[in-house]
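The working numbering runs 1441 ahead of the 1-based position in the sequence shown. Note that the Cβ used here is the ideal one computed from N, Cα and C, for glycine as well. Keep in mind the model is a prediction, meaning the values are calculated, not measured.
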Amino acid sequence: MDFLPIWGFWLGFALLLFAAEILTAGFFLFPFGLGAVAAALADLAHLSLAWQWGFFLAVTGIFLVFSRRLARAFGKDPGLRAGADRLIGMDGVVTETIDPHRNEGAVRVDNESWRAEPGDESVIHQGARVTIVAIRGARIIVRPKQT
């Protein structure tokens, strides 16, 4: 009875890990898949099982460290925002006085007009520059721009 060679098990394990990586978030399983490919190559080079495990662990460890550093470097940027969330941090101009007691006010930002509320109970007058700090439903929450 013929069995699958050891490199075939390693390669199958790698493919399983790559498939699982596609279905999960976090980019965690990919380094293990690369380690399994390295172990398969070690078997093809006729190295012992101990060496295969060594290659698996070493390559996995190296790529885990590398991927974590890469994630940390890119993690400082909040990334692309979509929809109304893209407005957070942008500046706008008050087009209708924002009065929290009368539940009225509007801001023009990025060529769009938005209903607005102040971040506190203050009144912000027409023409003032504001910064968007949050989104609440269909309204933006603003604070006066620091000059």
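Quick check: what's the CA-CA separation for residue i versus residue j?
i: W1494; j: F1454; result: 13 Å
i: A1525; j: E1553; result: 11 Å
i: M1442; j: L1488; result: The predicted model places M1442 with a pLDDT of 43, which falls under 50 and marks its position as unreliable, so this point remains unresolved.
i: L1458; j: R1513; result: 23 Å
i: L1456; j: R1570; result: 55 Å
i: V1548; j: R1510; result: 40 Å
i: D1484; j: A1466; result: 30 Å
i: F1444; j: L1490; result: 16 Å
i: P1464; j: V1564; result: The sequence given here places Leu at residue 1464; Pro does not occur at that position. Their backbone Cα atoms lie some 49 Å apart in a straight line.
i: R1543; j: G1502; result: 60 Å
Which residue marks the beginning of the beta strand (DSSP E) containing residue i, and which one marks its end?
i: E1537; result: D1532 to D1540
i: E1545; result: E1545 to V1550
i: E1553; result: E1553 to P1559
i: R1527; result: Looking at the DSSP string, R1527 is not in any beta strand (DSSP E), and its letter there is neither H nor E.
i: A1575; result: R1570 to R1577
i: I1565; result: It is not in any beta strand (DSSP E) - I1565 carries neither H nor E in the DSSP assignment.
Assuming residue i contacts residue j (C-beta within less than 8 Å), just tell me the rounded distance between them.
i: L1470; j: A1461; result: 5 Å
i: G1530; j: V1550; result: Contact flag wrong, Cβ pair sits at about 11 Å.
i: I1539; j: P1559; result: 5 Å
i: L1528; j: I1573; result: 5 Å
i: I1508; j: F1468; result: First, the amino acid is wrong: residue 1508 is Ser here, not Ile. Rounded, the Cβ-Cβ distance is 6 Å, consistent with contact.
For residue i versus residue j, is the C-beta distance shorter than 8 Å?
i: G1476; j: L1498; result: yes
i: A1579; j: R1556; result: yes
i: P1585; j: E1562; result: no
i: Q1567; j: E1537; result: yes
Practice prompt. Enumerate, from N- to C-terminal direction, the unbroken alpha helix (DSSP H) stretches of 4 or more residues contained entirely within the stretch 1447-1518.
Written response: 1447-1464, 1471-1485 and 1490-1516, all fully within the stretch 1447-1518.
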